[in-house]
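Take a look at the structure set out below.
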Amino acid sequence: MRSRILRLTNLSRPAQETIALIIHYAILFIGVIVLLQLWGIDFSSLAVFVGVLGVGIGLGIQGIAKECVSGLVLIFERPIQVGDFVNVGELMGTVENIGIRSTEILTLDQVSIIIPNSRFLEAEVVNWTHNNPVSRLKLPVGVAYGSDPIKVRSALIEAASQHPEILDQPAPNVFFTGFGENALKFELLVWIEDPPKQFQIKSELYFLIEEILRHYHVDSPFPKLDLHVRSGNFPVDVSHQLIESLTQLSQELTKWMARQSYGNSHNGTSHNGTSHNGTSHRNVQINNTSDNN
547 MRSRILRLTN LSRPAQETIA LIIHYAILFI GVIVLLQLWG IDFSSLAVFV
597 GVLGVGIGLG IQGIAKECVS GLVLIFERPI QVGDFVNVGE LMGTVENIGI
647 RSTEILTLDQ VSIIIPNSRF LEAEVVNWTH NNPVSRLKLP VGVAYGSDPI
697 KVRSALIEAA SQHPEILDQP APNVFFTGFG ENALKFELLV WIEDPPKQFQ
747 IKSELYFLIE EILRHYHVDS PFPKLDLHVR SGNFPVDVSH QLIESLTQLS
797 QELTKWMARQ SYGNSHNGTS HNGTSHNGTS HRNVQINNTS DNN
């Protein structure tokens, strides 16, 4: 019916979806009533049973009832419609279908996400195409210190004017937002009428901005670090226990070095005496040999 009959009415896609959904559930409800009548079921005799059953079901399916009521609010109040580009929390995409219990959103990655209807009423929802699809984009740009701000502004306006998706009215504008740690900070404001393409448009604009800034010999910023070295003494707080430990360690090291020095001197003296005695003994043997001869 939606593809054949409602299409002939020249209604918008959101209106067609709403009418088709209402007719669908109305036919379903009437069909159930007719079937129960054909089966000969008397509703008056089942009134008490249905009442008790309804209370039990209501307690057990509060969540589902909450989502269904939220769905009816979305259908009749129409804060969002089929075809709108919305941002719900971290999700961003196009509304493809609004049901009684949930809503289907097609993200920019072409992934269908099913969201409970209550999230649209309980949380903040950004509807980029509500009533008017024209929206503004902000592009922060930084340039190196020493650049001419007037030249930078002209370059950014030129980049915006060269992009076919940027609207002439409202006209693009540039704000000098301040002095950063390593750069002069600017912000380019442009208007578009196709919000789902905003990320692609931003990327293309940054390509144009980089090319035009290079043409104007405007340098890009880069981190700078100034290191100042000063000579002289500086106070250092040292605990009393650390001073005592260092003093004791110095004394022990001095004693150890003295013992090592004394031991090396004593060993050298003993070695020289042994060599002298050996030489005298050999001289005596040589003299005795000569006398015998």
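In this text, residue positions in the sequence shown follow our numbering: the first is 547, and each later residue adds one.
We put the CB at the ideal spot given by N, CA and C, even for glycine.
Only a predicted model underlies this, so the values are computations on that prediction, with no experimental measurement involved.
Return the residue from the list 647, 720, 674, 600 that minimises the CA-CA distance to residue 571.
-> Taking the first residue of the sequence shown as position 1, residue 571 is located at position 25. By alpha-carbon distance to residue 571, the top candidate from 647, 720, 674, 600 is 647.
Cβ-Cβ distance between residue 689 and residue 730 below 9 Å | Within the sequence shown, numbered from 1, the residue matching residue 689 stands at position 143. Within the sequence shown, numbered from 1, the residue matching residue 730 stands at position 184. Yes.
First and last residue of the alpha helix (DSSP H) that includes residue 667?
-> As a first step, residue 667 is located in the sequence shown; it is residue number 121 there, counting from the start. Taken as a continuous stretch (DSSP letters only), the alpha helix (DSSP H) holding residue 667 covers 664-668.
Indicate the three-state DSSP secondary structure (helix, strand or coil) for residue 607 in the structure shown.
-> Position 61 of the sequence shown, counting from 1, holds the residue named residue 607. Correct three-state label for residue 607: coil.
Does the segment 628-638 come within contact of the segment 699-711, defined as at least 3 CB pairs closer than 8 Å?
-> At 8 Å Cβ cutoff, the stretches do not touch.
Residue 682 (DSSP reduced to helix, strand or coil) = Start at 1 with the first residue of the sequence shown, and residue 682 comes out as number 136. Secondary structure of residue 682 (DSSP, three-state): strand.
So, residue 685 versus residue 733, is the Cβ gap smaller than 9 Å?
-> Within the sequence shown, numbered from 1, the residue matching residue 685 stands at position 139. Within the sequence shown, numbered from 1, the residue matching residue 733 stands at position 187. The answer is yes: Cβ separation under 9 Å.
Leaving out the 5 sequence neighbours to the left and right, which residues in its chain are closer than 7 Å to residue 817 when beta-carbon positions are compared?
-> Taking the sequence shown and counting its residues from 1, one reaches residue 817 at position 271. In this prediction, residue 817 scores a pLDDT of 49, lower than 50, which makes its location untrustworthy; no coordinate-derived value is stated.
Rank 791, 757, 789, 742 by C-alpha distance to the C-alpha of residue 679 and give the top, closest one.
-> To locate residue 679, count along the sequence shown from 1; it is residue 133. Of the listed residues, the one whose Cα sits closest to residue 679 is 742.
Go through its chain and collect everything with a Cβ distance to residue 665's Cβ below 7 Å, but skip five positions before and after it.
-> For the purposes of this step, residue 665 is identified with residue 119 of the sequence shown, where counting begins at 1. Counting only Cβ-Cβ distances below 7 Å, and skipping sequence neighbours, we find 634.
For residue 702, count neighbouring Cβ atoms within 10 angstroms of its own Cβ and tell me buried if that reaches 16, exposed if not.
-> Walking along the sequence shown from the start, residue 702 turns up at place 156. By the beta-carbon neighbour count (other beta carbons within 10 angstroms, threshold 16), residue 702 is buried.
May I ask you to report which of helix, strand or coil DSSP gives residue 800?
-> Against the sequence shown, residue 800 aligns to sequence position 254. Note: residue 800 maps to helix in three-state DSSP.
With respect to the beta strand (DSSP E) encompassing residue 650, which residues constitute its N-terminal and C-terminal limits?
-> For the purposes of this step, residue 650 is taken as the residue at position 104 of the sequence shown. Residue 650 -> beta strand (DSSP E) spans 648-653.
Bridge-paired residues (DSSP) for residue 673 = Indexing the sequence shown from 1 puts residue 673 at position 127. DSSP lists 632 as partners of residue 673.
Determine the DSSP secondary structure at residue 586, reduced to helix, strand or coil.
-> By 1-based counting over the sequence shown, the position of residue 586 is 40. Annotated three-state conformation of residue 586 is coil, per DSSP.
CB of residue 609 within 9 Å of CB of residue 644, strictly = Numbered from its first residue, the sequence shown carries residue 609 at position 63. Numbered from its first residue, the sequence shown carries residue 644 at position 98. No.
Euclidean distance between Cα positions of residue 565 and residue 699 | On the sequence shown, position 19 is the one that residue 565 refers to. On the sequence shown, position 153 is the one that residue 699 refers to. For residue 565 and residue 699, the distance between alpha carbons rounds to 50 Å.
Option nearest residue 682 by Cα separation, candidates 788, 714, 623, 576 = Taking the first residue of the sequence shown as position 1, residue 682 is located at position 136. Of the candidates 788, 714, 623, 576, 714 places its Cα closest to the Cα of residue 682.
Mind checking whether the beta-carbon of residue 608 lies closer than 8 Å to any heavy atom of the ligand COA?
-> By its list of ligands, the structure shown contains no ligand whatsoever, and the ligand COA lies outside what it can speak to.
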